[in-house]
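In this note's numbering, the protein residues as written are 1 to 382. Where is the CB? At the ideal position from N, CA and C, for every residue including glycine.
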Amino acid sequence: MDVAYVSTVDADEQVVHSVCGDAESFAISPGLAVPLDETYCSRMVSGDIPNVVPDARADPVVAGLPATERSGIGSYLAVPVTMADGTLYGTFCCLSHDPHPELDRRDVGFMGMLAELLADELEADLARERGRERIQQLLTAGTIQVALQPIVELATGRCIGMEGLSRFPAGFGPPDVVFGAAHEVGLGDDLERLAVRSVFDMLQSLPEHLYLAINLAPSLALDLGTAVPEGVDVPWHRLVLEVTEHAVVESYVDLRAALKPLRKKGLRVAIDDAGAGYASLQHVVEMRPDIIKVDRSLIDGLARDPARRSVVSGFVLLAFELGASVLAEGVETAEDLAAARRLGVTSAQGYVIDRPSIDPVDHKRWGTEQNLLADVENRPTA
């Protein structure tokens with residue numbers, strides 16, 4: 001066939017969207033809108049003509065159509081493009097100036113298979129566009145709800161900091177899914193900047209002895225200073241930047257250089273999810289963090305698993321050599337919390353202590369209560 005094209009069909013016209021082949025000789029181009037009563041495709045969709053017309057000039061139905069003579073159509077092959085919900089998107093068509101008597105139902109079946117693949121791609125594109133619109137709604141609103149979770153010092157049980165966790169409206173999904181979707185449609189950096197600004201806003205309401213931890217992709221950490229709201233004097237000594245071990249760092253040299261002036265002002269760096277990501281110990285060795293956050297996969301079952309205890313002990317020893325501290329994240333049982341303390345882990349967060357909360361009453365209680373571990377054995381677990 002000389003040309004193939006995809007078009008949408010609505011109540012009044014057929015609109016060409018994509019073309020491949022000798023489009024010029026058929027006067028077809030992307031964006032071309034043709035009244036339905038002049039098209040083969042509308043008749044194919046309605047069943048007035050078959051999917052395949054091997055010889056258009058000899059066919060009693062299409063031979064007299066204006067398009068046949070005007071475009072010099074010799075043969076025609078087309079199938080509808082139907083979405084997963086059964087709605088008609090449009091048509092996938094092929095034209096040739098010459099008749100092709102050999103065209104038959106096998107060719108229609110092949111075109112149908114291609115149309116199914118095309119529909120899958122269209123569904124994915126539409127889903128991405130819907131996702132982009134939803135993310136854009138968040139950016140337009142300009143605020144993200146932030147939940148805080150307490151971080152306690154194991155030696156005293158006192159809250160020493162909180163981690164800021166983004167929360168999105170119902171229907172958006174968990175934060176990792178939302179941020180992943182935002183990056184997929186090119187809005188990830190914008191959403192992360194908004195999340196950082198929202199967390200910064202929370203810092204003003206916390207007692208001055210508490211630090212606030214924020215999780216940021218390495219690409220945004222390179223430009224952390226620009227995420228600060230204009231006119232805000234940031235107390236960098238009260239901020240901890242968490243770099244996840246799952247993230248790719250394109251250049252440790254550039255990241256260290258970008259963070260150096262902020263670390264001089266008091267910013268601390270934590271390696272999040274240590275022990276779980278593909279980067280293994282590279283983040284720790286390259287970044288020389290102030291805090292190593294051991295992933296919950298190593299903490300869950302710590303009290304009963306010698307292998308987990310060996311790995312965590314290794315992080316404790318490494319932290320000692322680097323002058324850093326070790327934080328156990330995702331602690332859900334009193335037994336695992338006690339095991340972490342015995343191994344030399346200095347701080348912890350998790351459901352056994354308290355769940356993340358958006359309630360300022362909880363934030364105030366955590367910041368003022370003397371010992372959050374006093375009744376830890378009675379705290380609910382996940």
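Buried or exposed (CB count within 10 angstroms, at least 16 for buried), residue i
| i | result |
| --- | --- |
| residue 358 | exposed |
| residue 20 | exposed |
| residue 289 | buried |
| residue 325 | buried |
8 Å Cβ cutoff met for residue i and residue j
| i | j | result |
| --- | --- | --- |
| residue 293 | residue 307 | no |
| residue 100 | residue 60 | no |
| residue 164 | residue 199 | yes |
| residue 339 | residue 309 | yes |
| residue 167 | residue 145 | yes |
| residue 283 | residue 243 | yes |
| residue 216 | residue 238 | no |
Other residues of its chain near residue i: CB distance less than 6 Å, five sequence neighbours each side excluded
| i | result |
| --- | --- |
| residue 24 | none |
| residue 96 | 1, 2, 74, 75 |
| residue 33 | 13, 15 |
| residue 361 | none |
| residue 131 | 181, 185 |
| residue 94 | 1, 4, 77 |
Best match in the options for proximity to residue i [C-alpha to C-alpha]
| i | options | result |
| --- | --- | --- |
| residue 147 | 370, 250, 354, 373 | 354 |
| residue 249 | 222, 262, 234, 273 | 222 |
| residue 4 | 142, 268, 78 | 78 |
| residue 344 | 313, 371, 369, 304 | 313 |
| residue 87 | 114, 122, 104, 94 | 122 |
| residue 299 | 143, 290, 184, 273 | 273 |
| residue 127 | 113, 179, 185 | 185 |
| residue 98 | 130, 66, 57, 138 | 57 |
| residue 162 | 350, 375, 258, 251 | 350 |
| residue 116 | 89, 106, 38, 131 | 89 |
| residue 287 | 258, 103, 212, 276 | 258 |
| residue 45 | 124, 285, 68, 9 | 9 |
| residue 69 | 51, 39, 212, 210 | 39 |
| residue 11 | 369, 41, 375, 281 | 41 |
Bridge partners - residue i, DSSP secondary structure assignment
| i | result |
| --- | --- |
| residue 287 | Answer is none; residue 287 lacks a bridge partner. |
| residue 271 | 243, 292 |
| residue 76 | 53, 95 |
| residue 325 | 291 |
| residue 159 | 152 |
| residue 145 | 167 |
| residue 20 | 4 |
| residue 347 | 153, 327 |
| residue 14 | 9, 34 |
| residue 212 | 162, 239 |
| residue 357 | 148 |
| residue 90 | 8, 81 |
Residues near residue i by beta carbon distance below 7 Å, same chain, minus five either side
| i | result |
| --- | --- |
| residue 71 | 26, 27 |
| residue 348 | 152, 154, 327, 328, 331, 337, 340 |
| residue 236 | 262, 265, 266, 267 |
| residue 255 | 218, 221, 222, 249 |
Own chain residues within Cβ distance below 8 Å of residue i, not counting five before or after
| i | result |
| --- | --- |
| residue 118 | 6, 81, 92 |
| residue 385 | The first residue shown for the chain is 1 and the last is 382, placing residue 385 beyond what the model contains. |
Check: residue i C-beta below 7 Å from any heavy atom of the ligand NAP
| i | result |
| --- | --- |
| residue 65 | Annotation note on the ligand NAP: not contained in the displayed structure, which lists no ligands. |
CB contact check: residue i to chain D, cutoff 8 Å
| i | result |
| --- | --- |
| residue 46 | Annotation note: the requested chain D is absent from the structure, which comprises a single protein chain. |
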